[in-house]
Structure formats: structure tokens, C-alpha cells
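In the working numbering, the protein residues as written are 102 to 266. So the structure is just underneath, and the comments pick up after that.
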Ligand SMILES: [Cu+2]
């Protein structure tokens, strides 16, 4: 009852469930007594969800800002069997760090991102062409838009789009 007494709003509901449970228990369905605490538990998050609902948007808004303030967004992408494991990346506006994990032993890859939707656009940033296994990091700044990326050694098969909003 200590848990219940903390939440006045829940007390009535629990009292109702308690009576309900007693009735059910009286009917011999002792197992129905167990769901009562479960229902109480569900009510508790529901009551706090008002606060959560208030906090959630601010957290959602704050998270990208906090991430950007903390040095930008970090995105991981792998090169496996001469393919990128991700062909669509997303990031908020600001600094982006690509952690490119070339797992192909003896195979040269890189991560080359363009300042536009395709490889006709200007270069934005590129890591060196190096044989795997090797881990590379590439940091650049983006505004809202779409940024095409590719591996310069395999431009027809290793490519994708970074979407920034
Ligand atoms: Cu490649």
C-alpha cells in the first residue's frame, strides 16, 4: 500500500481493482489477484506519462542540439564484400563524423561524400583509398539537403545518400 499512497489518483483505481480482485479471488480465481499489481504498475507509468509527454519533445529537440554541441553526429558505416552496409544515412545539420570500417582484407575502399545529390557535385570530403581491414574517420559539416557518397574504387556498387535535416 506504500506504493499506492504515493499517488492519490491511483489510489481510487487500485482500490477498485482491489475490490475487483477480492471478488475474483472470492470466486476462486486466485490467479486474478496477480494481475492487480500489474495493472497498478501500468497505471503508474500512465500517470507519469503526462510528465514524460512534456519532457519527450524537449528531449527530442535537445538531443540533436546536444549531440551537435558535443562535437557533431557520428555515423558508422562498413565496407563488406565491396559493398557499403548502409546506403542511406541520416544526420541533423552540423558536423558529421563518418566512421568507415573497411572490413575487406586487401581491398581498397574509401568514403567520398559530395556536396549534392550525385557525383557530379563538388567534393565535400573524402578519406584516402586504403586496403582493409582499416578504420577511417572523416569529419565534415553539412546543411539541410542530400549528399551523395561513394567509394572511389567501386563507384557503381558502393554508393549511397546522406540525408540531412
Ligand atoms: Cu570500394
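C-beta: ideal position from N, C-alpha, C; glycine also. The model shown is predicted, which means the values in this text are computed figures rather than measured ones.
What span of residues does the beta strand (DSSP E) with residue 253 cover, start to end? Within the chain shown, numbered from 1, the residue matching residue 253 stands at position 152. It is not in any beta strand (DSSP E) - residue 253 carries neither H nor E in the DSSP assignment.
Say yes only if the C-beta of residue 222 is nearer than 8 Å to one or more non-hydrogen atoms of ligand 1, and no if none qualify. Within the chain shown, numbered from 1, the residue matching residue 222 stands at position 121. No.
Would you say residue 254 touches ligand 1, meaning its beta carbon is less than 8 Å from a heavy atom? Start at 1 with the first residue of the chain shown, and residue 254 comes out as number 153. Under cutoff, so the answer is yes.
Residues in its own chain within less than 7 Å of residue 154 by CB, not counting five upstream and five downstream? The residue you call residue 154 lines up with position 53 of the chain shown. Residue placement at residue 154 cannot be trusted, given a pLDDT of 41 that sits under 50; what the coordinates show is reported in the next sentence. The beta carbon of residue 154 lies closer than 7 Å to none in the same chain, with the five residues before and after it left out.
Figure out for me which residue from 248, 192, 195 and 257 has the closest Cα to the Cα of residue 227. On the chain shown, position 126 is the one that residue 227 refers to. The shortest Cα separation from residue 227 among 248, 192, 195 and 257 belongs to 248.
Helix, strand or coil for residue 227? Go by DSSP, reduced to three states. Locating residue 227 in the chain shown gives position 126, where the first residue counts as 1. Correct three-state label for residue 227: strand.
Cβ pair count under 8 Å reaching 3, the stretch 215 to 227 against the stretch 180 to 189: Because the criterion of three Cβ pairs below 8 Å is not met, the stretch 215 to 227 and the stretch 180 to 189 do not touch.
Residue 180 Cβ short of 8 Å to ligand 1 heavy atom set: Position 79 of the chain shown, counted from the start, is the residue given in the question as residue 180. Residue 180: yes, Cβ under 8 Å from ligand 1.
Three-state secondary structure (DSSP) at residue 258? Within the chain shown, residue 258 is the residue found at index 157, counting from 1. If DSSP states are grouped into helix, strand and coil, residue 258 belongs with coil.
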